[in-house]
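Asker: Below you'll find the structure I mean.
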Amino acid sequence: MIYTDAHCHIVAPAQDIAGRIYNSAWPDDWKYAVFVSDADDGVNFATIGIHPWHIARASAGFDSEMRDILSNHPNIMVGEIGLDKFHPDIDRQIEIFTTQLKIAAEFRRPVHLHCVGAWDKILHIFRVHAGAMPPAIVAHGFSGAPDLILQLAEKYNMYFSYSAPNNDNATTRIRQTPKNRILVESDAFDANPEVEILDSTIHAIAGLCGCDPDELSEQINDNFNGVLSYVRPIA
Numbered sequence: 000m001i002y003t004d005a006h007c008h009i010v011a012p013a014q015d016i017a018g019r020i021y022n023s024a025w026p027d028d029w030k031y032a033v034f035v036s037d038a039d040d041g042v043n044f045a046t047i048g049i050h051p052w053h054i055a056r057a058s059a060g061f062d063s064e065m066r067d068i069l070s071n072h073p074n075i076m077v078g079e080i081g082l083d084k085f086h087p088d089i090d091r092q093i094e095i096f097t098t099q100l101k102i103a104a105e106f107r108r109p110v111h112l113h114c115v116g117a118w119d120k121i122l123h124i125f126r127v128h129a130g131a132m133p134p135a136i137v138a139h140g141f142s143g144a145p146d147l148i149l150q151l152a153e154k155y156n157m158y159f160s161y162s163a164p165n166n167d168n169a170t171t172r173i174r175q176t177p178k179n180r181i182l183v184e185s186d187a188f189d190a191n192p193e194v195e196i197l198d199s200t201i202h203a204i205a206g207l208c209g210c211d212p213d214e215l216s217e218q219i220n221d222n223f224n225g226v227l228s229y230v231r232p233i234a
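Numbered according to numbering that gives the first Met the number 0, the sequence shown spans residues 0 to 234.
Written out as structure tokens, the structure reads:
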């Protein structure tokens, strides 16, 4: 089985990995994202963004720096960005998230979204900016209500990235997600467990959906390439 990793914090040798997306969390990470983009190995892709946990690291000119990088690096996406109810200064989080969402739409780059306990606010922002949205959104570790899934997929071209389910709510979300919208992620900071995490996640999802793990893996890799189609041509 060959794997794709929709959300991680590593770049490593590509054994058994057909593609992975390195997610930035604050501007100090962006230089590494540029390095990944410049390497252009066809496997490792990257994002630039300010995570809601790290809004204090946002300089006054972060938006100009982001625009410059995206302008010069067409393979780079926007992420990990979003809102987190359990971290301070939600108003500042909203301000920074909205700025980054607008930039992603401006440059037609997929967004990699972190949302914890704030789907009401995220949906409000999406509605306000419905006329100028990014071409695709990856919901990292999706934890929203299962009845949002079809709406988010249809209106905002959202994909849903999962690790192995560990509770009944996660199981329900996965069962509600169309197979052509499922991605898997390791969220790893170390290459050693990456393949093991992805493999166990695929087998767990296949068991829940009653499908063959190899067929599901192929579908997940097709979905991954669907996201990447906005930053690279797919053969």
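Note that the Cβ used here is the ideal one computed from N, Cα and C, for glycine as well.
What residue range does the beta strand (DSSP E) around Ile136 cover?
Answerer: Walking along the sequence shown from the start, residue 136 turns up at place 137. Unbroken beta strand (DSSP E) run through Ile136: 136-139.
Asker: Tell me Tyr158's beta-bridge partners as DSSP assigns them.
Answerer: Stepping through the sequence shown from its first residue, residue 158 is reached at position 159. Paired residue(s): Val137.
Asker: Throw me the rounded Cβ distance for the Asn222 and Arg180 pair, which I believe falls under 8 angstroms.
Answerer: Locating residue 222 in the sequence shown gives position 223, where the first residue counts as 1. Locating residue 180 in the sequence shown gives position 181, where the first residue counts as 1. Right, their Cβ atoms sit about 7 angstroms apart.
Asker: If Ala131 sits next to Ala104, beta carbons under 8 angstroms apart, how far is it from one beta carbon to the other, in whole angstroms?
Answerer: Taking the first residue of the sequence shown as 1, we reach residue 131 at position 132. Taking the first residue of the sequence shown as 1, we reach residue 104 at position 105. 5 angstroms between Cβ atoms; contact.
Asker: Can you have a look at His123 and say buried or exposed, based on whether 16 or more other CB atoms are within 10 angstroms of its CB?
Answerer: Within the sequence shown, numbered from 1, the residue matching residue 123 stands at position 124. Flag for His123 reads exposed.
Asker: Give the C-beta separation of Glu193 and Tyr161 to the nearest angstrom, bearing in mind that I take them to be a contact with Cβ-Cβ under 8 angstroms.
Answerer: Indexing the sequence shown from 1 puts residue 193 at position 194. Indexing the sequence shown from 1 puts residue 161 at position 162. At roughly 15 angstroms, the Cβ-Cβ gap does not stay under 8 angstroms, so Glu193 and Tyr161 are not in contact.
Asker: Between the Cα of His8 and those of Asn168, His111, Ala205, Asp83, spot the shortest distance and give me the residue it belongs to.
Answerer: Here residue 8 is taken as the residue at index 9 of the sequence shown, counted from 1. Selected option, being the one with the closest Cα: His111.
Asker: Take the Cβ of Cys114 as the centre, count every other Cβ of all protein chains shown within 10 Å, and call the residue buried at 16 or more, exposed below.
Answerer: As a first step, residue 114 must be located in the sequence shown, where it is residue number 115. Classification for Cys114: buried.
Asker: Which two residues bound the contiguous alpha helix (DSSP H) that contains Thr171?
Answerer: One-based indexing of the sequence shown puts residue 171 at position 172. Its alpha helix (DSSP H) spans residues 167-175.
Asker: Compute the distance between the beta-carbons of Thr46 and Met76, then report whether it is under 9 angstroms.
Answerer: On the sequence shown, position 47 is the one that residue 46 refers to. On the sequence shown, position 77 is the one that residue 76 refers to. Yes. Within cutoff.
Asker: Spatial neighbours of Cys208 within its chain, please: CB distance less than 8 angstroms, with the 5 preceding and 5 following residues excluded, ordered by chain position.
Answerer: On the sequence shown, position 209 is the one that residue 208 refers to. So the qualifying residues of the chain are Ile173, Arg174, Lys178, Leu215.
Asker: What's the gap between the Cα of Ser27 and the Cα of Leu227?
Answerer: Taking the first residue of the sequence shown as position 1, residue 27 is located at position 28. Taking the first residue of the sequence shown as position 1, residue 227 is located at position 228. In the sequence as displayed, the identity of residue 27 is Asp instead of Ser. When rounded, the distance between both Cα atoms is 24 angstroms.
Asker: Under the assumption that Val10 contacts Tyr21 (Cβ atoms under 8 angstroms), give the Cβ distance between them as a whole number of angstroms.
Answerer: As a first step, residue 10 must be located in the sequence shown, where it is residue number 11. As a first step, residue 21 must be located in the sequence shown, where it is residue number 22. Confirmed, about 5 angstroms.
Asker: Report the residue from Ala59, Leu69, Gly60 whose alpha carbon sits nearest the alpha carbon of Asp37.
Answerer: As a working note, residue 37 is residue 38 in the sequence shown. The shortest Cα separation from Asp37 among Ala59, Leu69, Gly60 belongs to Leu69.
Asker: If you reduce the DSSP assignment to three classes, tell me which class Arg19 lands in.
Answerer: Numbered from its first residue, the sequence shown carries residue 19 at position 20. Residue state, collapsed to three classes: strand.
Asker: Is Asp211 helix, strand or coil by DSSP?
Answerer: As a working mapping, residue 211 is identified with position 212 in the sequence shown. If DSSP states are grouped into helix, strand and coil, Asp211 belongs with coil.
Asker: With C-beta atoms as the reference, is Cys190 less than 9 angstroms away from Tyr158?
Answerer: Sequence index remark: in the sequence shown, residue 190 carries index 191 (1-based). Sequence index remark: in the sequence shown, residue 158 carries index 159 (1-based). Before going on, a small fix: residue 190 reads as Ala here, not Cys. No. Outside cutoff.
Asker: Cα separation between Ile204 and Pro145?
Answerer: Along the sequence shown, one-based indexing puts residue 204 at 205. Along the sequence shown, one-based indexing puts residue 145 at 146. C-alpha separation (whole angstroms): 15 angstroms.
Asker: Straight-line CA distance for His202 to Glu195?
Answerer: Position 203 of the sequence shown, counted from the first residue, corresponds to residue 202. Position 196 of the sequence shown, counted from the first residue, corresponds to residue 195. One C-alpha to the other measures close to 11 angstroms.
Asker: If you measure between the beta carbons of Ile121 and Gly81, is that distance less than 9 angstroms?
Answerer: In the sequence shown, counting from the first residue as 1, residue 121 sits at position 122. In the sequence shown, counting from the first residue as 1, residue 81 sits at position 82. Yes. Within cutoff.
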